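Enquirer: Take a look at the following structure, please.
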């Protein structure tokens, strides 16, 4: 077919035909092609000669596996019909065609009525906003009733499902050229007559009732109908296109009953779309022909596509499916490739054309970087499919087969089959495949054998679980190795079941530039994020960018990738995670006397069901149950019902796992050991990066997101608020960590600049208030609040299923002393140091030994060996204290800051120094500070106490043997002791 200007003026309709398995979908497709004159003879599924079942396995099994397309004309209406699979195992093959449809034809079996999978299809059509025509098939079977079935359609699908049988008067008696008039539909009517059928005309009463049913579907049309007494055909077309009316037809495709009326109605009541002049196309399928050429199936949604045109695309937003690996550095995401050939397929045959206009469904060769759902030109990419695989299997290869070679080949099949997820497990050196069911396994085996000549097997399958969260939580990720910087704050919120993952941003550009925000969203979308219960993918969640920070000089795109991944993971580690498993909706038909057995089975499988419907000797049971429990149950039904029972299953979606504890015990997943999906962050100090565990990241982060979860009001500085519950994360105000990055004081400061500062513990409150106003709440304040709060504080290392609250143990005390700062602050030591510095050091060591002996704290005295060439860090034990000589190029300040950071996690730490800047940093790290003057006062008070308690008291009081005796007994013993001495 040449795509001339005349042809481009015709009405192009792309229609998809969808149905539950065995509803007669392929038979209806054959009837449509036959009555439109596209084929000379109707094929039959049971004969294996259906025009659209081109794959050998489709003919052998009698089911549609891959979507096919056929073209036919109805007067000046050109129709491209897409026949989609009805079996639930191949639902994604059907779903990916929905994004290119103008109209859908939903086929329903008159004998079975609305099935579970029918409801799934209806929801998908609603999601993609596709106008729907319904054809109720198999009306020739006994017991079918159009009135009862129409009522069921209106109650279970939509009340606006309307019988269009009376519309024959409009299709055959009205209209003008080009919109389905008798002249346009002549070929259809003639074919119907050859089959013994004639297009009927409705009575005036039927036509009036039909108009009334149409009018009540829209308020504006109803007012017009009440005024004028009729509804214009153009208004009916508009209502159908806007999904306000759903035309219903009844008949038998096998016997060609009612198909003629449907074709005339479809031609008459559809309207062609208008397309923009700018080129745009939507890719909905990738396949290969018999010669191995890669075919990109697309719909032209704007402009014209010509042979030799150059198409371009960008893969940056495409999700990767890598197991236990970070996304690899790939080739450039931007590509340009030439169109070699344009094919218009009809069944297994095609016509090669030079160009394809807007509205055309075609297959293109020469493109190697395309994928299903991709938008080309001005077209946007589609969302991820709703239906996803629920079973995972290990692929077993022959001994002579190289696993890496087969992995590359299976990746080619993954492009063609959207529900085939190929995963590479690097640790086990195995290939895993995620599939929908057993039928898909047989198809994959045949495809691999046919395409690559290799016979593969499948190991025992297991369920594909997913994870979500129960309440909102903030996740923080920081990535700051040397010369890199990025911090990301994300809000993770639970979504409705089946909503998938949604991403957005609610962050001011004053906080984080728009370009960086878009980059964070790209990194959120580009990979499959793992949960923390079993390592399964997360779903049903909205993730929003709420804050972040970049460095003007050192930030690169990859930094935000790392920070984003860590922020997601850190939020999940803090959240109350929920394990989800797939559920089936089922319909069980069996003899009425066996319904009790079936109900007991469903209850054992943790399923739910509605009351059984008894129809004579048959009972119908409908409900839902976990997929893991329903596997293998069809065989049991056939066994205990002696072949009289039938079980129909369709995917319902993911629900909370019914046996979560058992699943978690079986997985034994340790999220903190999954280094490829770490929740820890990287910070920088003194030119070197260091890892901060996920549960301490908030103590080091540089940005205040302003988000408060579970806190009704901000506590006053220095006060203790109530202990938060499981989902209360407290105020996320700005923290200052004293690390390199924004707000970090320079390390090149001179110690002598601050020697003039001295203070006491009584000044801490004022200093802390200055610190809080400048940098936000200090770690010390938060630590004290946690320790004083009733009920204890949450432990750093916890189980993820249930948070373990622990009462704090009495913390040990550490005192760090800046040696030279104290020496040059105490007059006696300063004078001694002028004569003999070594003597001053030892005198201070002796003083502190005496002090430690009374206080019983861990005392660390630090001396600066900053300028000693080649000196390594040296730690000596001097009596009951530790003396540290720092390494070359490390100041005592740096050593103390680092030690406070480490010890402050578990212990009370005090630092004795008169370095004012160091005191501020110590407060930020969570330590207490003590000036040189205060330490001297403490030492003097300690010495005075020792003299009073142990040196100046009578010797009787010093006799520990008599210390706890009453005075009379002690006096007698003392008298005996003196006599002995004389």
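In this note's numbering, the protein residues as written are 38 to 1019. Just so it is clear, CB atoms sit at the ideal spot from N, CA and C, and this is done for glycine as well. None of the values given here were measured: they were computed from a predicted structure.
Mind checking residue 252: buried by the 16 CB within 10 Å criterion, or exposed?
Expert: Here residue 252 corresponds to residue number 215 of the chain shown, with the count starting at 1. Buried, because 16 or more other Cβ atoms sit within 10 Å of the Cβ of residue 252.
Enquirer: Take residue 555 as the anchor and find which of 579, 517, 597 has the nearest alpha-carbon.
Expert: By one-based count along the chain shown, residue 555 stands at place 518. The option with the nearest alpha carbon to residue 555 is 597.
Enquirer: Following the continuous alpha helix (DSSP H) through residue 10, name the residue where it begins and the one where it ends.
Expert: The question about residue 10 has no answer, for the chain in this structure spans 38 to 1019.
Enquirer: Are the beta-carbon atoms of residue 619 and residue 632 separated by less than 8 Å?
Expert: Mapped onto the chain shown, residue 619 falls at position 582. Mapped onto the chain shown, residue 632 falls at position 595. With contacts defined as CB atoms closer than 8 Å, residue 619 and residue 632 fail to qualify as a contacting pair.
Enquirer: Enumerate in chain order the residues of its own chain whose CB-to-CB distance from residue 495 is below 6 Å, with the five nearest sequence positions on each side excluded.
Expert: Mapped onto the chain shown, residue 495 falls at position 458. Counting only Cβ-Cβ distances below 6 Å, and skipping sequence neighbours, we find 430, 478.
Enquirer: Mapping DSSP to helix, strand and coil, what is residue 732?
Expert: Reading the chain shown from its first residue, position 695 is the one you call residue 732. Residue 732: helix per DSSP, three-state reduction.
Enquirer: Are residue 1061 and residue 347 closer than 8 Å when you measure CB to CB?
Expert: Here the chain covers residues 38 to 1019 and nothing more, so residue 1061 does not appear.
Enquirer: Whose CA, out of 697, 896, 595, lies closest to the CA of residue 500?
Expert: Residue mapping note: residue 500 aligns to position 463 of the chain shown, counting from 1. Of the listed residues, the one whose Cα sits closest to residue 500 is 697.
Enquirer: How many Å lie between residue 670 and residue 699 at the Cα?
Expert: Here residue 670 refers to the residue found at position 633 of the chain shown. Here residue 699 refers to the residue found at position 662 of the chain shown. Spanning the two alpha carbons is a distance of roughly 21 Å.
Enquirer: Report the residue from 450, 338, 686, 181 whose alpha carbon sits nearest the alpha carbon of residue 621.
Expert: What you label residue 621 is simply residue 584 of the chain shown in a count that begins at 1. Measuring from the Cα of residue 621, the nearest candidate turns out to be 686.
Enquirer: Taking the alpha carbon of residue 503 as the reference point, which residue from 198, 242, 701 has its own alpha carbon closest?
Expert: Counting from one through the chain shown, the residue named residue 503 turns up at place 466. The residue with the shortest Cα to Cα distance from residue 503 is 701.
Enquirer: DSSP state of residue 293, grouped into three classes?
Expert: Along the chain shown, read from residue 1 onward, the residue named residue 293 stands at position 256. Three-state result, residue 293: coil.
Enquirer: If you follow the alpha helix (DSSP H) that residue 676 is part of, which residue opens it and which one closes it?
Expert: On the chain shown, residue 676 is found 639 positions in, with the first residue counted as 1. For residue 676, the uninterrupted alpha helix (DSSP H) segment begins and ends at 670-677.
Enquirer: Would you check if the distance between the CB atom of residue 186 and the CB atom of residue 153 is smaller than 8 Å?
Expert: The residue you call residue 186 lines up with position 149 of the chain shown. The residue you call residue 153 lines up with position 116 of the chain shown. No.
Enquirer: State the DSSP-derived secondary structure class of residue 159, mapped to helix, strand or coil.
Expert: Position 122 of the chain shown, counted from the first residue, corresponds to residue 159. Helix, per DSSP.
Enquirer: Give the single residue among 325, 133, 178, 195 whose Cα lies nearest to the Cα of residue 170.
Expert: Position 133 of the chain shown, counted from the first residue, corresponds to residue 170. Closest by alpha carbon: 195.
Enquirer: Considering Cα atoms alone, identify which of 290, 182, 895, 856 is closest to residue 876.
Expert: Here residue 876 refers to the residue found at position 839 when the chain shown is read from its first residue. Of the candidates 290, 182, 895, 856, the one whose C-alpha sits nearest the C-alpha of residue 876 is 856.
Enquirer: Just confirm the distance between the C-beta atoms of residue 118 and residue 76, as a whole number of angstroms; I'd bet it's less than 8 Å.
Expert: Taking the chain shown and counting its residues from 1, the one referred to as residue 118 is at position 81. Taking the chain shown and counting its residues from 1, the one referred to as residue 76 is at position 39. Not confirmed; about 12 Å, so no contact.
Enquirer: Assign residue 462 to one of two classes, buried (16 or more other C-beta atoms within 10 Å of its C-beta) or exposed (fewer than that).
Expert: Within the chain shown, the letter at position 425 stands for residue 462. Counting Cβ neighbours within 10 Å, residue 462 comes out exposed, since fewer than 16 surround it.
Enquirer: Which one of 868, 933, 983, 589 has the shortest CA to CA distance from residue 897?
Expert: For the purposes of this step, residue 897 is taken as the residue at position 860 of the chain shown. Ranking the options by Cα distance to residue 897, first place goes to 933.
Enquirer: Have a look at 179, 135, 148 and flag the residue whose alpha-carbon is nearest the alpha-carbon of residue 158.
Expert: For the purposes of this step, residue 158 is identified with residue 121 of the chain shown, where counting begins at 1. With distances taken between Cα atoms, residue 158 lies closest to 135.
Enquirer: Quick one: what does DSSP say residue 681 is sitting in, helix, strand or coil?
Expert: Residue numbering aside, residue 681 sits at position 644 when the chain shown is read from its first letter. It is coil, neither helix nor strand.
Enquirer: Rounding to the nearest angstrom, what Cα-Cα distance links residue 658 and residue 626 in this structure?
Expert: As a position in the chain shown, residue 658 is number 621, starting the count at 1. As a position in the chain shown, residue 626 is number 589, starting the count at 1. Rounded to whole angstroms, residue 658 and residue 626 show a C-alpha spacing of 6 Å.
Enquirer: In three-state terms, what does DSSP make of residue 325?
Expert: For the purposes of this step, residue 325 is taken as residue 288 along the chain shown, with counting starting at 1. Three-state result, residue 325: strand.
Enquirer: Report yes if the C-beta distance between residue 406 and residue 350 is below 8 Å; otherwise report no.
Expert: For the purposes of this step, residue 406 is taken as residue 369 along the chain shown, with counting starting at 1. For the purposes of this step, residue 350 is taken as residue 313 along the chain shown, with counting starting at 1. Their beta carbons are under 8 Å apart, which means residue 406 touches residue 350 by this criterion.
Enquirer: Is DSSP giving residue 578 helix, strand or coil here?
Expert: Looking up residue 578 in the chain shown gives position 541. Correct three-state label for residue 578: strand.
Enquirer: Who are residue 720's beta bridge partners in DSSP?
Expert: On the chain shown, residue 720 is found 683 positions in, with the first residue counted as 1. Answer is 727.
Enquirer: Which of helix, strand or coil does DSSP assign to residue 178?
Expert: Taking the chain shown and counting its residues from 1, the one referred to as residue 178 is at position 141. Three-state DSSP puts residue 178 in coil, outside helix and strand.
Enquirer: So, with DSSP's three-state summary, where would you put residue 934?
Expert: Sequence index remark: in the chain shown, residue 934 carries index 897 (1-based). Reduced to three states, the DSSP call for residue 934 is helix.
Enquirer: Quick one: is residue 763 buried, meaning 16 or more other Cβ sit within 10 Å of its Cβ, or exposed?
Expert: The residue labelled residue 763 in the question sits at position 726 within the chain shown. Below a pLDDT of 50, predicted positions are generally treated as unreliable, and residue 763, at 35, falls in that range; no measurement from the model is reported.
Enquirer: Answer yes or no: do residue 267 and residue 248 have a C-beta to C-beta separation smaller than 8 Å?
Expert: The residue labelled residue 267 in the question sits at position 230 within the chain shown. The residue labelled residue 248 in the question sits at position 211 within the chain shown. For residue 267 and residue 248, yes; Cβs fall inside 8 Å.
Enquirer: In this structure, what does DSSP give as the bridge partners for residue 331?
Expert: Translated into positions along the chain shown, residue 331 becomes position 294. According to DSSP, residue 331 bridges with 325.
Enquirer: Cα-Cα, which of 160, 133, 175 is closest to residue 144?
Expert: Here residue 144 is taken as the residue at index 107 of the chain shown, counted from 1. Out of 160, 133, 175, 175 has the C-alpha closest to the C-alpha of residue 144.
Enquirer: So, is residue 677 buried or exposed, given that buried needs 16 or more other C-beta atoms within 10 angstroms?
Expert: Sequence index remark: in the chain shown, residue 677 carries index 640 (1-based). Classification for residue 677: exposed.
Enquirer: Taking the beta strand (DSSP E) that residue 387 falls in, what are its first and last residues?
Expert: Along the chain shown, read from residue 1 onward, the residue named residue 387 stands at position 350. Taken as a continuous stretch (DSSP letters only), the beta strand (DSSP E) holding residue 387 covers 386-390.
Enquirer: Taking Cβ positions, are residue 409 and residue 332 nearer each other than 8 Å?
Expert: Locating residue 409 in the chain shown gives position 372, where the first residue counts as 1. Locating residue 332 in the chain shown gives position 295, where the first residue counts as 1. Contact flag unset, no.
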